[in-house]
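**Student:** In our numbering, the protein residues as written are 14 to 322. We put the CB at the ideal spot given by N, CA and C, even for glycine. The following block contains the structure, expressed as structure tokens.
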Amino acid sequence: MSPIALSPGGSVRLNPLTPHGGSERQLNLLYSVAAAALERPLSPEEKRAAQEALRVLEGRSGDEPTLPGVVDVLIHASGEMAEPLAMPAEELAAATRPMAFALDQLCSGNLRGMFDGPTTPGLDLSAPLVVLNLRAVLNTQTSALGILMTCATAWLQAMIEAETDARSSKRIVVVDEAWRIVSNLGIGEWLQQSFKLSRGLGTQNVIVMHRLSDLRAVGAEGSREVRLAEGLLADAETKIIYAQPPDQLPQTRELLGLTDTEAELLPHLRRGWALWKVGQRSFLVEHRLSAFERELVDTDARMLVRPAV
Numbered sequence: 014m015s016p017i018a019l020s021p022g023g024s025v026r027l028n029p030l031t032p033h034g035g036s037e038r039q040l041n042l043l044y045s046v047a048a049a050a051l052e053r054p055l056s057p058e059e060k061r062a063a064q065e066a067l068r069v070l071e072g073r074s075g076d077e078p079t080l081p082g083v084v085d086v087l088i089h090a091s092g093e094m095a096e097p098l099a100m101p102a103e104e105l106a107a108a109t110r111p112m113a114f115a116l117d118q119l120c121s122g123n124l125r126g127m128f129d130g131p132t133t134p135g136l137d138l139s140a141p142l143v144v145l146n147l148r149a150v151l152n153t154q155t156s157a158l159g160i161l162m163t164c165a166t167a168w169l170q171a172m173i174e175a176e177t178d179a180r181s182s183k184r185i186v187v188v189d190e191a192w193r194i195v196s197n198l199g200i201g202e203w204l205q206q207s208f209k210l211s212r213g214l215g216t217q218n219v220i221v222m223h224r225l226s227d228l229r230a231v232g233a234e235g236s237r238e239v240r241l242a243e244g245l246l247a248d249a250e251t252k253i254i255y256a257q258p259p260d261q262l263p264q265t266r267e268l269l270g271l272t273d274t275e276a277e278l279l280p281h282l283r284r285g286w287a288l289w290k291v292g293q294r295s296f297l298v299e300h301r302l303s304a305f306e307r308e309l310v311d312t313d314a315r316m317l318v319r320p321a322v
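Here it is as structure tokens:
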């Protein structure tokens, strides 16, 4: 198993607008990514323009729509695109220029070369384990990284959806550092909707966060962002909680609906032990690693000094 490594100017591209996941998923992703890039909700005109942009691109040739293609038809709006909106082409181009420029930021500069073209041919999704590695952009601005993570996840989910009928095995999609995605309202709504659609595909979704306080940090108290993040927790049928420091207990208990007994266990859990909440039932579970697994999850490896052989 070799990870699919994504990096600016790298050799691998993924097309988040791949049509394999269906037109509805494709359009919803474009809405969410555009809103996140703009850092505001899309206007009705922008949503309609995005829909028409995909239609125009699909009708031009047999090539699949891409983010640069959407940017191009928005900036150079044609009569073909403007007529269904009952707007002059020049007026449409002016109205959608902020959205076009925001999307272009994902296709140029220090983010170029990851999601700005057709998917690189030859990527193997048939392996038992597929890893999308975004390490090269971990230091990117949080909002941009959330968008990049969403583009990668959207591509993977679309490919899973396309092959659902052809495979008998189930898929598990794991999203690490998920708070970076839910920190943006539009992207978080896409993630929640995507998870609900995945149930019909036999796909299990796992989101990983290191502290539940990260959820509260995505927005002001009572904001839609915070309610959305808490909603993702509420929708989870199974919750796995490792040891938590005492200062995290009140928030952890509130967000996960723990009893006094369950909450009191958390500061005392040894490494490898976790509290599992499955519906209303709870279990203490010891997680045992094989030698191979231990090497994969050893995040302290670079901190250790080992004698030379």
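Flag this pair as yes or no: are the beta carbons of residue 33 and residue 172 separated by less than 7 Å?
**Tutor:** yes
**Student:** State the start and end residues of the unbroken alpha helix (DSSP H) segment that holds residue 305.
**Tutor:** DSSP places residue 305 in the uninterrupted alpha helix (DSSP H) bounded by 304-309.
**Student:** Counting only the same chain and skipping the five closest in sequence on each side, list residues whose C-beta sits under 8 Å from that of residue 161.
**Tutor:** 19, 119, 124, 127, 128, 147, 150, 153
**Student:** Taking the straight line between their C-alpha atoms, what separation do you get for residue 163 and residue 244?
**Tutor:** 18 Å
**Student:** Taking the beta carbon of residue 208 as the centre, do at least 16 other beta carbons fall within 10 Å, making it buried, or is it exposed?
**Tutor:** Residue 208 counts as buried, since at least 16 other C-beta atoms from the protein chains shown sit within 10 angstroms of its C-beta.
**Student:** Taking the CB atoms as reference points, tell me whether residue 109 and residue 25 lie closer together than 7 Å.
**Tutor:** no
**Student:** Hey, residue 248 and residue 221: beta-carbon distance below 7 Å or not?
**Tutor:** no
**Student:** Quick one: measure Cβ to Cβ for residue 94 and residue 66, integer angstroms, because I've assumed they're closer than 8 Å.
**Tutor:** 7 Å
**Student:** What's the C-alpha gap between residue 121 and residue 291?
**Tutor:** 44 Å
**Student:** Have a look at residue 241 and residue 235 and give me their C-alpha separation to the nearest angstrom.
**Tutor:** A straight-line Cα-Cα distance of about 10 Å links residue 241 and residue 235.
**Student:** Who are the near neighbours of residue 50 in its chain, counting only those whose CB is closer than 7 Å to its CB and skipping five residues on each side?
**Tutor:** 115, 116, 118, 119, 160
**Student:** Since residue 70 sits in a beta bridge, which residues does DSSP pair it with?
**Tutor:** Paired residues: none, contrary to the question.
**Student:** So what's residue 163 in DSSP terms, helix, strand or just coil?
**Tutor:** helix
**Student:** Between 97, 204, 70, 76, which lies nearest to residue 85 when the distance is taken from Cα to Cα?
**Tutor:** 70
**Student:** In terms of DSSP beta bridges, what is residue 272 paired with?
**Tutor:** Per DSSP, none; premise fails for residue 272.
**Student:** Going by the DSSP bridge assignment, what does residue 217 pair with across the sheet?
**Tutor:** DSSP lists 185 as the bridge partner or partners of residue 217.
**Student:** Whole-angstrom Cβ separation of residue 224 and residue 261, contact assumed at under 8 Å?
**Tutor:** Yes, they are in contact, since the Cβ atoms of residue 224 and residue 261 sit about 7 Å apart, within 8 Å.
**Student:** Closest by CA to residue 35, which one among 58, 78, 59, 309?
**Tutor:** 78
**Student:** Relative to the alpha-carbon of residue 103, which residue among 82, 62, 75 has its alpha-carbon at the smallest distance?
**Tutor:** 62
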